[in-house]
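Protein chains in written order, with the numbering used here: chain F, 8 to 111; chain U, 33 to 128.
This is the structure in structure tokens:
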């Protein structure tokens, strides 16, 4: 019984990790292929929130200690709070025309 | 035992996918582009590295990498806010 539960836990964990990794890959391709800065920002927000949530859940399934799971909760909540704020500030700075703040 | 072996292999494959994503994002940062594009790519790189640290933490079983992930999350936020303020300041100078 415990063996079956371990297997289920491993399968769910690997599947969640795979979702997070594929979101990161899709976002990195989108950063190259999309047209302007705001469209690229749209691609970049997927792994920043959903990818980290998926990877955090998967890691929490694998780790044994309560302190580790607490740290994962801190990581995920921090990411969920800061990612929209950072994207908002950056989107306002980029401006209406979406030229990305000029050439650097 | 078979399941344990295959999860190790799959973890390696997931780390490989994350490495490919990180390389693509770094290429996006290094390639000539606007400052905002680079800031967005840097934010994405932070998220990809956080995912990688979580995979490694689950694989090794100790919580060493989780401290790094907390610091990285704070650092990524401060980086994007600082770059955004820099862009706004430069834009203001340009218009004056």
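All C-beta atoms, glycine included, are put in the ideal place defined by N, C-alpha and C.
| query | result |
| --- | --- |
| Is the beta carbon of residue 70(F) sitting closer than 8 Å to the one on residue 101(U)? | no |
| What residue from 115(U), 51(U), 68(U) and 64(U) has the CA that sits closest to residue 35(F)'s CA? | 51(U) |
| Show which residues of chain U have a CB atom less than 7 Å away from the CB atom of residue 27(F). | 83 |
| Find the residues of chain F that neighbour residue 62(U), judging by a C-beta separation of less than 8 Å, and give them in chain order. | In chain order: nothing, as chain F lies at least about 12 Å away. |
| Along chain F, in chain order, which residues have C-beta atoms closer than 8 Å to that of residue 93(U)? | 69, 70 and 71 |
| Taking residue 100(F) and residue 116(U) to be in contact with their CB atoms under 8 Å, please state how far apart those CB atoms are, rounded to whole angstroms. | 4 Å |
| Give the residues from the segment 39-52 of chain F that approach chain U closer than 7 Å (Cβ to any Cβ), ordered along the chain. | 39, 44, 47, 48 and 51 |
| Cβ atoms of residue 23(F) and residue 65(F): under 8 Å apart, would you say? | yes |
| Checking 8 Å against the spacing of the C-beta atoms, do residue 96(F) and residue 72(U) come in under that value? | no |
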